[in-house]
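These notes concern the structure reproduced below.
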Amino acid sequence: MTNNEEFTDEIGNNHIATNEQTPLRKDAFEKTDEEKIELIKKDVENILFTLGMDLTDDSLKGTPNRVAKMFVKEIFGGLNPNKKPSSSTFDNKYKYNEMLVEKNITVYSTCEHHLLPIVGRAHIAYISNGTVVGLSKMNRVVDYFAKRPQVQERLTIQIVKELQKVLNTENVACIIDAKHLCVNSRGIRDIESSTVTAEFGGKFKDDIVRREFLDYIKLDTNF
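Each residue of the sequence shown is one higher than the one before, counting from 3 in my numbering.
In structure tokens, the structure reads:
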């Protein structure tokens, strides 16, 4: 293995993020979903054939098409900007100026280094600057950015930056606690460990405000 290959492998095996933006090519959306499905279907067929699987078996013959549709329409659907949640907000007419926390938002994502699942919970908080969002909006933002090949640090940052833009305030925070199957099911195969990442903006950089958020979600950390 060359030094460059060793470096690339080290980044992947240690789950290191190299960019806070999802690395997409400029021509990423020139093909339709249907064209992508057809191409991926052939690639999955080739993978299974190379592994020695009998693709004439009734159980396997539909697998390439199922996997291709799942990649494009479901688990990597968040790559498509047309699926981005709408940015509608509402005036904070009831003048609620304290912290709003939504905790235990389910996270289903995919590690971009091994294409294995990341499963966990996201906890989000914001302090209104005059506008609020519906509670389901935060779930939808998490789901949108999770449905792509991801690194947990990047996912955490993307969620915060999107909500900061939508709410027109820096006062947004997100903590994600998740298990990575690339750690749990391969490599070190540690089924107990999880990864916790955090991004704090605006008032959440203050120790007292941050501690209040952590108390709400019952998370004992030294962030």
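Don't be surprised by glycine CBs; every beta carbon is placed ideally from N, CA and C. Please read all numbers here as calculations on a predicted model, not as lab measurements.
{"Query": "Give me, in chain order, the residues of the same chain whose beta-carbon lies closer than 7 angstroms to that of K38; leave out the 5 immediate sequence neighbours on both sides.", "Result": "V74"}
{"Query": "Quick check on the DSSP output: the beta strand (DSSP E) that includes E104 runs from which residue to which?", "Result": "101-113"}
{"Query": "Pull up the distance between the alpha-carbon of G14 and that of H115, whole angstroms please.", "Result": "Legend: pLDDT at G14 = 49, less than 50; position of this residue unreliable, no value from coordinates given."}
{"Query": "So, I129 versus A180, is the Cβ gap smaller than 8 angstroms?", "Result": "no"}
{"Query": "Can you list, in chain order, the stretches of the beta strand (DSSP E) that have 3 or more residues and sit fully within the segment 130-187?", "Result": "174-182"}
{"Query": "Taking the beta carbon of I49 as the centre, do at least 16 other beta carbons fall within 10 Å, making it buried, or is it exposed?", "Result": "exposed"}
{"Query": "Under three-state DSSP, which class holds G122?", "Result": "strand"}
{"Query": "Residue ranges of each alpha helix (DSSP H) run of no fewer than 4 residues wholly in the segment 19-56, ordered along the chain?", "Result": "35-52"}
{"Query": "Express the C-alpha separation of V109 and R27 in angstroms, rounding to a whole number.", "Result": "25 angstroms"}
{"Query": "Does DSSP classify E214 as helix, strand or coil?", "Result": "helix"}
{"Query": "Using 8 angstroms for Cβ pairs, my map puts F147 next to G204. What's the rounded Cβ distance?", "Result": "Actually they do not touch by this definition, with Cβ atoms about 20 angstroms apart."}
{"Query": "May I ask you to report which of helix, strand or coil DSSP gives D209?", "Result": "helix"}
{"Query": "Measuring CB atoms only, is the segment 172-186 touching the segment 89-96, in the sense that at least three cross pairs come out at less than 8 angstroms?", "Result": "no"}
{"Query": "Between the alpha carbons of A127 and T34, how many angstroms are there, rounded?", "Result": "36 angstroms"}
{"Query": "Run through DSSP, which three-state label would H91 get?", "Result": "Here the sequence assigns Thr to residue 91, which means His is not the residue at that position. Coil at T91, not helix or strand."}
{"Query": "Here's the rule: buried if 16 or more other CB atoms are within 10 angstroms of the residue's CB, otherwise exposed. What is K220?", "Result": "exposed"}
{"Query": "Which whole-angstrom value is the C-beta distance of C176 and A124, which I expect to be below 8 angstroms?", "Result": "6 angstroms"}
{"Query": "Output needed for L77: all residues of its chain with C-beta closer than 7 angstroms, excluding positions within five of it in sequence on either side, in chain order.", "Result": "Contrary to the premise, residue 77 reads as Ile rather than Leu in this sequence. Contacts found: T112, K149."}
{"Query": "On the premise that L165 lies in contact with V143, defined as a C-beta separation below 8 angstroms, what is that separation, rounded to the nearest angstrom?", "Result": "6 angstroms"}
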